[in-house]
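Novice:
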Amino acid sequence: MASASESRHGMWSSGWLFILAAAGSAVGLGNIWKFPYIAGENGGGAFVLVYLGCVALVGIPILAGEVLLGRAGRASPINAMRKHVIAASGSPLWVLIGWSGALAGFLILSYYAVIAGWALYYGVKLGEGALVGASIEVANQTFNDFLADPWQLILWQTVFLGGTVWIVARGVIKGLETAIRWFMPLLFLLLVVLLAYAFNSGGFMAGAEFLLSPNWEAMSVDGLLVAMGQAFFTLSLGMGAMMAYGAYVPANASIGNTVITVALLDTVVAIAAGLAIFPIVFANGLEPGQGPGLMFVTIPFAFGQMPFGAVFGVVFFVLVTFAAITSAISLTEPALAYLVEQYNADRSRVAISLGVFCWLLGLGTVFSFNIWSDVHVVAGLSVFEFIDYLTQNVMLPLGGLLIALFVGYVLPKQLAREQLGIDGGIVARLWPLLIGFVAPVGVAVVFVYTIYQSL
Ligand code: PFF
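Residue numbers (the numbering used here): 1417 to 1871.
(1) Using only CA atoms, which one of Gly1461, Leu1525, Trp1449, Ile1513 lies nearest to valine 1772?
(2) Can you tell me whether tryptophan 1598 is helix, strand or coil according to DSSP?
(3) I need the residues with a C-beta less than 6 Å from some heavy atom of ligand 1; please give them in chain order.
(4) Is it a yes or a no for the segment 1823-1843 touching the segment 1482-1500, going by three-plus beta-carbon pairs under 8 Å?
(5) Please classify asparagine 1560 as buried or exposed, where buried requires at least 16 other C-beta atoms within 10 Å of its C-beta.
(6) How would you write the range of the alpha helix (DSSP H) that alanine 1622 sits in, first residue to last?
(7) Should arginine 1845 be labelled buried (16 or more other beta-carbon atoms within 10 Å of its own) or exposed?
(8) Looking at the secondary structure, which residues open and close the alpha helix (DSSP H) in which aspartate 1638 lies?
(9) Considering just the uninterrupted stretch of the alpha helix (DSSP H) at histidine 1425, what are its terminal residues?
(10) Cβ atoms of alanine 1795 and glycine 1545: under 8 Å apart, would you say?
(11) Identify, in the order they occur along the chain, each residue of the same chain with its Cβ nearer than 8 Å to the Cβ of isoleucine 1741, setting aside the five sequence neighbours on each side.
(12) Quick one: grab the DSSP three-state call for phenylalanine 1783.
(13) Does the segment 1511-1528 come within contact of the segment 1491-1503, defined as at least 3 CB pairs closer than 8 Å?
(14) Would you check if the distance between the CB atom of glycine 1729 and the CB atom of alanine 1550 is smaller than 8 Å?
(15) Residues in the same chain with beta-carbon distance under 6 Å from glutamate 1457, minus the five sequence neighbours each way, listed in chain order, please.
(16) Take alanine 1692 and list the residues in its own chain whose beta-carbon comes closer than 8 Å to its own, dropping the five residues that flank it on each side.
(17) Quick check on arginine 1765: buried or exposed, where buried means 16 or more other Cβ atoms within 10 Å of its Cβ?
(18) Which of the three DSSP states is assigned to asparagine 1700 in this structure?
(19) Would you tell me roughly how many angstroms separate the C-alpha atoms of glycine 1444 and alanine 1739, rounded to the nearest one?
(20) So does the segment 1665-1685 actually touch the segment 1434-1441, counting three or more Cβ pairs closer than 8 Å?
(21) Pull up the CB-CB distance for glycine 1690 and phenylalanine 1451, whole angstroms please, since I reckon it's below 8 Å.
(22) Which residue's Cα is closest to the Cα of leucine 1776: Glu1593, Gln1573, Pro1848, Leu1640?
(23) Can you name, in chain order, every residue of its own chain whose Cβ lies under 7 Å from the Cβ of aspartate 1682, other than the five neighbours on each side?
(24) Is the segment 1671-1688 touching the segment 1497-1508, taking contact as three or more C-beta pairs under 8 Å?
(25) From the DSSP output, in three-state form, read off isoleucine 1819 for me.
(26) Using the Cα positions of valine 1642 and phenylalanine 1802, report the straight-line distance between them to the nearest angstrom.
(27) Kindly list the residues whose CB is nearer than 8 Å to the CB of glycine 1858, restricted to its own chain and excluding five residues on each side of it in sequence; keep chain order.
(28) Determine the direct distance from the alpha carbon of leucine 1818 to that of glutamate 1422, and round the result to whole angstroms.
(29) Count the other C-beta atoms from every protein chain shown that fall within 10 angstroms of the C-beta of valine 1864, then say buried if there are 16 or more, exposed otherwise.
(30) Exposed or buried, proline 1750, counting other C-beta atoms within 10 Å across all chains shown (16 or more means buried)?
(31) What do you get for leucine 1849, buried or exposed, if any count of 16 or more other CB atoms within 10 angstroms of its CB means buried?
(32) Of the residues Val1530, Gly1587, Arg1586, which one's Cα is nearest the Cα of phenylalanine 1562?
(33) Nearest by alpha-carbon distance to phenylalanine 1522: which of Ser1746, Val1791, Gly1837 is it?
(34) The alpha helix (DSSP H) that contains glycine 1539, what's its start and end?
(35) Less than 6 Å between C-beta atoms, sequence neighbours within five positions excluded: which residues of the same chain meet that for alanine 1520?
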């Protein structure tokens, strides 16, 4: 049995590696694919401001809460919550946080792998020079044809999930840490290159204005819920991923500095992705509110117009895939670590079994774009839209709310202070207010408002 100062699954080599790992989890399709299109659909600048408020006031405190629960528990979220509940004599119902997290991770990964597969496909397609000089109509048609073919989608979903399972099966150090060490620096490098291209595209000012200047009329109440959901999704909160990673953090790393750095990196990447994509949209007279296809139509089209576009296009989509993989591996960790602990099971076997289940569930998302496009689970939502809505707008915020309440009111205050390394001063006074009041009230208000709105 591992001692309480170490996790049985392994430990990050340093505090810095934890920052990279957590940033790897946070930075993913949520930043590069989702953020630009939902900002586009919700009016741009005003949405971005609300989103930033959610990250700062709700996201950062809950991120710190998750990491400290993980580090103090040194086990998978389900078992860490069990330990905390016993130590604090709390209700066993709090352990539901761990269960719902493991389930949410599984649900998210099922569609995440499908979309990441699209990026892989586009990497290959652009490498063949497929869209060089093509018109926007052809770019649109290529995407629609691709979506209409379930076999293609399944092929690329399988490749992505296979890669994820392979990394995860190799363990925390050999698998997760190695992938993170390589993929994260490459990702940052490419974003800089892409920003430089966007800057010279002729649409930079229009793109930047759309993203950064608030137009409050375009912001709806629904946009508020979407912004809160996006803050949770992009920071990987509310489902125990950060708690699972927190269990592998060395005792001497500072949680406060770490979480602020991770939130900053994540936000910078989201804004940078928007600043790279919208200028291209405007320079080519395209629509910003295009929805999920934004990254798969406008970006390939734009690369098709630029010198060496095929090369840059390949690099871009390969790196989107890397960003997605470093997130996908964290989506599996809560369930994986629990199954390994509970059944003393072999990590690779658990990884493969989880991968197979996820693949099967992912078929629901694959078919949402073709043979089941007329099938609606509830309220006109396809299987993909339903899983996305349920996880991002319901399960993650609710998980986050419960985590904030647990840390704020059930966990011994002294334990939280020790983990955060705060003894006195302004942070020590602010912390209980943020985790016990601002964060939970923020999430709760958005929920109540939305329910009221839909009545
Ligand atoms: N944060 C990831 C992204 O923005 O793409 C998605 C994600 C990863 C959500 C891990 C939740 C999670 F636990």
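Note that CB positions come from ideal geometry on N, CA and C, so glycine has one too. Being a predicted model, the structure only gives us computed values, none of them experimental.
Specialist: In brief:
(1) Leu1525
(2) helix
(3) Ser1441, Ala1442, Gly1444, Leu1445, Gly1446, Asn1447, Gly1521, Ile1524, Phe1649, Thr1650, Ser1652, Met1655, Ala1657, Ser1743, Ser1746, Leu1747
(4) yes
(5) exposed
(6) 1620-1628
(7) exposed
(8) 1637-1650
(9) First-last for histidine 1425: undefined, no H or E at that position.
(10) no
(11) Ala1532, Phe1576, Gly1579, Thr1580, Ile1583, Ala1595, Phe1599
(12) helix
(13) yes
(14) no
(15) Gly1705
(16) Leu1607, Leu1610, Leu1611, Tyr1613, Ala1614
(17) exposed
(18) coil
(19) 5 Å
(20) yes
(21) 6 Å
(22) Gln1573
(23) Ala1439, Ala1442, Val1443, Asn1447, Thr1650, Leu1651
(24) no
(25) helix
(26) 14 Å
(27) Cys1470, Leu1473, Val1474, Met1644
(28) 26 Å
(29) exposed
(30) buried
(31) exposed
(32) Val1530
(33) Ser1746
(34) 1512-1543
(35) Met1655, Thr1807, Met1811
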